[in-house]
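Beneath this line is the structure, given in structure tokens, with notes to follow.
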Amino acid sequence: MYQVHCLNKISKVGLAHLTDQYECNDNFDAADAVLVRSAAMHDMEMKENLLAIARAGAGVNNIPLEKCAEKGIVVFNTPGANANAVKELVIAGMLLASRDIIGGIEWVKENKAEETIAKMVEKEKSKFAGCELLGKKLGVIGLGAIGAKIANTAVSLGMEVYGYDPYISVEAAWSLSREVQHIKNVEKIYTDCDYITIHVPALDNTKGMINQDTIALMKDGVVVLNFSRDVLVNDAAMAEALKSGKVKRYVTDFPNPASANMEHVIAIPHLGASTEEAEDNCAVMAVNQVMDYLENGNIKNSVNFPACDMGVCSKAGRIAIHHRNVPNMLAKFTGACSAENINISDMINKSMGEYSYTLMDIDSPATEAFVKVISEIPEVLKVRIVK
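Numbering of the sequence shown is given in the numbering used here, commencing with residue 92 and proceeding in unit increments.
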């Protein structure tokens, strides 16, 4: 029976998908698989029996990816499972930034004891007037699951939408409305758009991408929305832009000591994926991916090993091998099979960066002795009998 440990509270809807082959327990060290949301794992010791970690969400900065890869531990995330929840909050952020709804609500709270508040409203409401989204230009940087949904929704609201993503997937491209203008130079978004929303991962080349230079290219009175990571925006540059009026509003789902104290900031306490539906969707996807990996060796939505799918094994045995992405590895695997008189009926090998993954279906049951032979091949990280 597979042992599953939850480092955070995981949706019961997701856990209900575990079959009777699985048991949830409180012992991290005994786990074959770990389900996690926000718990920090960088300082945790990973035992040899740990095979998979599934993040019920998209970001994996709380998980030591390379450390896991070196131990042959597959790390999954759940891209797209919370996309609709984030999309809805981004649209709400645009509306809050366009019309001073928050200021208006606060005014009502401050004056709720006034008997003449109904008359006062008519005199004061002009202070909170704003503009409509209809006809405005929206730039979406990053057209993944979330960015594509935002772009399509903005089109339905009557906005003129520009999308930038040099690495857009075929699936994302197909999902985009034909009215979204896919541009090749991100500077066009900076110079032309009234609203700019960023949906890219926090990488070395994206951290601080909204900075003094890129802000200088933007239209006066632009609204910038950040529902990805706070490090994508240079705080000092944003503070100056807000003070000068270059940026009308900065809407962020990642308040920090700097942004939380800036004027004209709408800071939301990381609520993007905080809906019951999103938590259920993420948990279901995470559980299903872990089960398919443990039972069949298939990998989908891993962030440290390549995608690989051989379906359900119909042969006598299946071996899963995690190894470094170096030449001649397949020859060593097939040579080991030949030396043990084992016939390979099917095999697939995939690579991602420095790491590779090989699945082999064989015509005789896999044995621990054969696993030992494969394990002793240099550059092999982990070997597992799947069947």
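The C-beta atom is built at its ideal place from N, Cα and C for all residues, glycine as well.
It is roughly 24 Å from the alpha-carbon of Val464 to the alpha-carbon of Pro397. Annotated three-state conformation of Tyr281 is helix, per DSSP. When secondary structure is reduced to three states using DSSP, Gln112 falls in the coil class, being assigned neither helix nor strand. According to DSSP, residue pairing for Phe345 in a beta bridge does not occur.
For Lys339, the secondary structure class from DSSP, reduced to helix, strand or coil, is strand. As for any alpha helix (DSSP H) of minimum length 4 sitting wholly inside the region 254–327, the runs are 261–266, 278–283 and 303–308, ordered along the chain. Asn440 has Thr449 as its beta-bridge partners, per DSSP. DSSP, read as helix, strand or coil, puts Glu331 in helix. In the DSSP assignment, Ile154 falls outside any alpha helix (DSSP H), carrying neither H nor E. Secondary structure of Cys222 (DSSP, three-state): coil. DSSP places Cys373 inside the alpha helix (DSSP H), whose first and last residues are Glu367 to Asn387.
Within its own chain, the residues whose Cβ lies closer than 7 Å to the Cβ of Gly163, once the five positions on either side in sequence are excluded, are His413, Leu472 and Lys473, listed in chain order. Scanning the region 116–190 from its first residue to its last, the whole beta strand (DSSP E) runs of 3-plus residues come out as 124–127, 143–146 and 165–167. Counting along the chain, Lys473 sits inside the beta strand (DSSP E) bounded by residues Val471 to Ile476.
Burial check for Arg269: the Cβ neighbour count within 10 Å stays below 16, so the residue is exposed. For Gly226, the CB contacts under 8 Å within the same chain, skipping 5 residues up- and downstream, are Gly249, Met250 and Glu251 in chain order. In this structure, the CA atom of Asn432 is about 60 Å from the CA atom of Pro360. Annotation: Arg190 to Glu278 spans about 27 Å, alpha carbon to alpha carbon. Within the model, the alpha-carbon separation for Ala121 versus Lys275 is close to 49 Å. Looking only at Ser442, Ser466, Ser429 and Tyr448, the smallest Cα-Cα distance to Asp454 is reached by Ser429. DSSP places Leu229 inside the beta strand (DSSP E), whose first and last residues are Lys228 to Ile232. Val403 is not bridged by DSSP to any residue. Looking at Cys222, Ala242, Gly221 and Glu223, the one whose alpha-carbon comes closest to that of Val231 is Ala242. A straight-line Cα-Cα distance of about 19 Å links His108 and Gly171.
In this structure, Phe167 sits near Ser393, with a CB-CB distance shorter than 7 Å. Secondary structure at Glu213: helix, using DSSP grouped into helix, strand and coil. According to the DSSP secondary-structure assignment, Cys97 is paired through a beta bridge with Leu126. Distance check between Arg409 and each of Thr449, Val125, Ala374 and Ala176 places Thr449 closest, using alpha-carbon atoms only.
For Ala358, the enclosing beta strand (DSSP E) covers residues Val356 to Ala358.
Sequence-distant Cβ neighbours of Ala220 in its own chain, meaning closer than 8 Å and more than five residues away, are Arg190 and Asp191.
Relative to Val356, the option among His290, Pro155 and Lys334 whose CA is nearest is Lys334.
The alpha carbon of Glu331 has as its nearest neighbour, out of Trp198, Ile306 and Asp285, the alpha carbon of Ile306.
The region 259–269 makes no contact with the region 203–218, as fewer than three CB pairs between them are under 8 Å.
No Cβ-Cβ contact shorter than 7 Å links Asn152 with Ala131.
One thing to note: Ala328 has its Cβ within 7 Å of the Cβ of Asn302.
DSSP places Ser247 in the helix class (H, G or I) of the three-state scheme.
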